[in-house]
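As structure tokens, the structure follows; a few thoughts come after it.
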């Protein structure tokens, strides 16, 4: 079976050579990841941002470095598109990803709907985190990227991202502890965190 990175590289080479079908396959392979990136952050407008992300990918495909994980490349574009959208959303106010949370910038429940109480707690807990930490955890749990790949997306050092992921989990635990209906619900969510995250990932894929 061809590794994902090798298939992406082959498709990208064919696309650059003028194969439109290869470009369509690139889109199909990564559209779900881009949709997930925006899903738990914005209440509306995500479809437009997905289109902008892929338009920029098309415009910049010649600049993709050899050896880069393509999903990391396109999610890096999505992050930049998201940051631009936030600046418009808050009407030019400076947004600090180390402080500002999506629950304060875009009040209201997540557009992702968890089927279980644990999933709902996880989603709301993520929205309570400073958005830089929220994004790092979502990339880790939903996109199954490692610290090095997430660091490339978020423009920090690899060692800094490893430390950031540790802190992000601590912040998530604290955030969920504040809003959980019971100690039992909190314990159930924390004990099965990776399972709840995986189920939410597959829900977005199938909706």
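Residue numbers (our numbering): 124 to 330.
Yeah, the Cβ is synthetic: ideal placement off N, Cα and C, and Gly gets one too.
Since we're looking at a predicted model, the values are computed, not measured.
Endpoints, the alpha helix (DSSP H) within which residue i is located
i: residue 199; result: 193 to 212
i: residue 279; result: Note, residue 279: premise wrong, no alpha helix (DSSP H); not H, not E.
i: residue 170; result: 169 to 182
i: residue 154; result: 143 to 162
i: residue 250; result: 240 to 250
i: residue 261; result: 254 to 264
i: residue 303; result: Premise fails: residue 303 is in no alpha helix (DSSP H) and is neither H nor E.
i: residue 228; result: 225 to 228
8 Å contact criterion, which residue i and residue j should meet: CB distance rounded
i: residue 262; j: residue 212; result: That belief does not hold up - the Cβ atoms of residue 262 and residue 212 are roughly 21 Å apart, past 8 Å.
i: residue 272; j: residue 195; result: 5 Å
i: residue 241; j: residue 319; result: 5 Å
i: residue 175; j: residue 204; result: 5 Å
Three-state secondary structure (DSSP) of residue i
i: residue 329; result: Note that residue 329 scores 49 on pLDDT, short of 50, meaning its location in the model is unreliable; the coordinates nonetheless yield the value given after this. Here residue 329 sits in helix by DSSP.
i: residue 165; result: coil
i: residue 291; result: helix
i: residue 267; result: coil
i: residue 132; result: helix
i: residue 185; result: helix
i: residue 221; result: coil
i: residue 124; result: With a pLDDT of only 38 at residue 124, under 50, the local geometry of the prediction cannot be trusted, and no value is derived from it.
i: residue 216; result: coil
heavy atom of the ligand NAP below 7 Å from residue i C-beta
i: residue 151; result: Judged by which ligands are present, the structure shown has none, so any question about the ligand NAP falls away.
Short CB-CB distance (under 8 Å) between residue i and chain D
i: residue 240; result: No chain D appears in the structure shown, which is made up of a single protein chain.
Counting pairs of Cβ atoms below 8 Å between the segment 157 to 171 and the segment 135 to 147, do you hit three or more?
no
Do three or more CB pairs link the segment 248 to 260 to the segment 291 to 302 at distances below 8 Å?
yes
Quick test of the definition: if touching needs 3 or more C-beta pairs under 8 Å, does the segment 150 to 157 touch the segment 171 to 185?
yes
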